[in-house]
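Residue numbers (my numbering): 126 to 354. We put the CB at the ideal spot given by N, CA and C, even for glycine. This report concerns only the one structure given below.
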Amino acid sequence: MTPMALVVSLSLLAASPGGLVSAAVGAYNGNLHMHRVFGTCAAYFPTRADVFFFADYFWQVDNLPYSLVATRVLRDAPESTRQAAAASREKQSREFDTAFARLDDAGRARACQSFVSAKESFKTIAPDEASVLAPLFESSSEMRIEKRNADFTLGCMKRLYQIGSRVFGKAKTVCDCQTKAITDHASDAELDQWVDDLAHNPGNEVETLSRPWMQQAIRALSACMAEKP
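Okay, structure coming up:
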């Protein structure tokens, strides 16, 4: 069995017809499944647990546009739909556990590393379902702002990971602190403008630091680094 075969049930889960609700079930169950996968890897390989915690966090935030919509859709769906989704999720978990148990330690290590290294996402695994959910995300300013702010923390986490940070809890504390320092001192309009400017003019630190709200945020940002992640 190839490592990525362990996650192929994600595409099967999302492939059933049924429009919006079916797509929501796929995204919701898919995110919970990947959370369980990374948790299983962390349990089997405790000395590398933080690597899997980082990978899980990266997956969850990268796929937030779909899980946010899915959560809202399923919240308003009939109870029978939520029960069916839970039953499907439990079946998928049993299948994963069975497949994982058949592997030896080396096979499990390869499988877990493949999950960390993979460039998969809900959009690549289930593009049709992702295209159903995307317009609902794009039409919601509330969800867009939640994702934007989550991306502030995600960007910080990825930078720390790239320079060698492997203590997930400390890194998350620092990055949450930095996000709060920024969002506490700028309006949504100012943050949107900042994100747009960075996208079109990356690396312009002078312009970033010259913004009045950033000047106010700098002291709070400095305090975030009191403890090295």
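Along the chain, where does the alpha helix (DSSP H) that runs through residue i open and close?
{"i": "Pro337", "result": "337 to 349"}
{"i": "Gly155", "result": "144 to 169"}
{"i": "Ile270", "result": "266 to 287"}
{"i": "Leu228", "result": "Counting along the chain, Leu228 falls outside any alpha helix (DSSP H), and DSSP gives it neither H nor E."}
{"i": "Ala314", "result": "313 to 325"}
{"i": "Lys244", "result": "Per DSSP, Lys244 belongs to no alpha helix (DSSP H) and is neither H nor E."}
{"i": "Val194", "result": "189 to 200"}
{"i": "Ala306", "result": "293 to 309"}
{"i": "Ser256", "result": "252 to 263"}
Since I believe residue j is in contact with residue i (beta carbons under 8 angstroms), could you give me their beta-carbon distance rounded to a whole number of angstroms?
{"i": "Gly144", "j": "Val257", "result": "7 angstroms"}
{"i": "Ala314", "j": "Ala342", "result": "Going by Cβ atoms, the distance from Ala314 to Ala342 rounds to 16 angstroms, so no, they are not a contact pair."}
{"i": "Val299", "j": "Phe240", "result": "About 25 angstroms separates the two Cβ atoms, so there is no contact after all."}
{"i": "Glu332", "j": "Asp322", "result": "7 angstroms"}
Taking a contact to mean a Cβ-Cβ separation below 7 angstroms, would you say residue i touches residue j in this structure?
{"i": "Phe247", "j": "Ala152", "result": "yes"}
{"i": "His160", "j": "Asp175", "result": "no"}
{"i": "Met268", "j": "Phe262", "result": "yes"}
{"i": "Ala167", "j": "Phe177", "result": "yes"}
{"i": "Ala259", "j": "Val186", "result": "no"}
{"i": "Leu189", "j": "Lys297", "result": "no"}
{"i": "Val146", "j": "Ala226", "result": "no"}
{"i": "Gln318", "j": "Leu346", "result": "no"}
{"i": "Ala148", "j": "Glu254", "result": "yes"}
{"i": "Arg233", "j": "Tyr169", "result": "yes"}
{"i": "Phe221", "j": "Tyr286", "result": "no"}
{"i": "Val150", "j": "Ala211", "result": "no"}
{"i": "Gln238", "j": "His158", "result": "no"}
At the 7 angstroms Cβ level, is residue i part of the contact set with chain D, yes or no?
{"i": "Ser192", "result": "Absent from the structure: chain D. Only one protein chain is present."}
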